[in-house]
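Report on the following structure.
Residue numbers (this note's numbering): 30 to 301.
Structure follows, in C-alpha cells:
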C-alpha cells in the first residue's frame, strides 16, 4: 500500500513539474499568426544611446515558415507588429531589399509606424515554405524626443512582435554661446572667431566662393563667406554666387532628401 502511495505522489510531482516546463515553453514560443510561424531575433538600434534628432538604423533577424507546410507564393506578405513609430520618424520606409545568402533579392520590406511588412517577390524559389534573413534600414530613422531632456536620457522598449530591445534617447547639454542642447545659451560667450573659415573650410577663386566643409548628422553648419585673403583681423564680406557644401557619408549611409534643409542667417560679425 505504501509503495502505491509513493508511486502516486511521484506521479503527481512529475505532472506538476511538466506543467511548469510547458508554461515556460509557451512564454518563449515563436509567434504564430496569419498562417505563419514567425521568429524574430537580434533586434538592435545603432547608435544606442542615440541623440534626439540624429539618424539611426534598425536591424533584426527573422525566420518565417508556413504552418500548413505549403510553398510560399510571389506576393505573399508577412506582417509584423511594431511600435517603432512612437520612437522614430522618417517613416514609412518602402521597398527595402531583402537578400538571400547568395546575394539575390528574395523579398522587400516596408516599415510604417506600426507594421513591418515582408513581401515575397518573383525571384523567390517556388518550392520553399520558409524564408529567413535580416532587415537593416541603414541610417534612415530620425530619433524623436521620447521624453528625453538635456542631462536626462530616456529609455524606451522597441518591440517587433514578441521580441524587444531597449533604446536610450539623449539630449546633449547646452553648448555655451549657442542655442543647441536643452538649456539657456550664454550670450556673453564668444564661440565664433574670424578664423572659423580657415579651420573648417576654404574658398577658391575671387569671383565665386566654393567652401568645402565636413558636417555630421547631429549638428548644424554655420557658413561664413569672406574674401579669399584672410588677414589677422576680420575678412571682408563679398557677394557669393556659388556655395558648395560637401558632407562625408558613412558606410551604408543614406541621404533622405526630405531631411535636408538650408537656412541663411545674416550675422553681425562683431557681435557674434
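Every residue gets a Cβ at the ideal spot worked out from N, C-alpha and C, and that includes glycine.
Neighbourhood of residue i by C-beta distance below 7 Å, restricted to the same chain and skipping five residues each side
i, result
"residue 194", "72, 73, 74 and 187"
"residue 190", "60, 67, 69, 109 and 110"
"residue 97", "64"
"residue 192", "69, 70 and 72"
8 Å Cβ shell around residue i - same chain, five flanking residues per side excluded
i, result
"residue 76", "83 and 85"
"residue 106", "146, 147, 148 and 149"
"residue 99", "158"
"residue 114", "120, 141, 142 and 143"
"residue 161", "90, 91, 92 and 93"
"residue 156", "100"
"residue 268", "Per-residue confidence for residue 268 stands at a pLDDT of 46, beneath the threshold of 50, marking its modelled position as unreliable; the derived number appears in the next sentence. Answer for residue 268: no residue qualifies."
"residue 139", "121, 122, 123, 124, 125, 145, 146 and 148"
CB contact flag (residue i, residue j, <7 Å)
i, j, result
"residue 153", "residue 177", "no"
"residue 79", "residue 174", "no"
Those residues which DSSP pairs with residue i across a bridge
i, result
"residue 144", "110"
"residue 75", "86"
"residue 67", "60 and 93"
"residue 196", "185"
"residue 126", "137"
"residue 115", "The partner list for residue 115 (beta bridge, DSSP) is empty, contrary to what the question assumes."
"residue 172", "117"
"residue 179", "200"
Proximal residues to residue i (C-beta, below 6 Å), its chain only, five neighbours per side dropped
i, result
"residue 90", "70, 71 and 163"
"residue 88", "73 and 165"
"residue 124", "137"
"residue 112", "188"
"residue 200", "81, 177, 178, 179 and 211"
As assigned by DSSP and simplified to three states, the class of residue i
i, result
"residue 166", "coil"
"residue 50", "Unreliable positioning characterises residue 50 in this predicted model, as indicated by a pLDDT of 34, which lies under 50. A coordinate reading is not provided."
"residue 149", "strand"
>> Does the stretch 58-66 come into contact with the stretch 170-184, if we say contact requires no fewer than three beta-carbon pairs (one atom in each stretch) closer than 8 Å?
In response: Here the stretch 58-66 makes no contact with the stretch 170-184; the two share fewer than three CB pairs at distances below 8 Å.
> Between the stretch 118-132 and the stretch 95-109, do at least 3 Cβ pairs fall closer than 8 Å?
Replying inline: no
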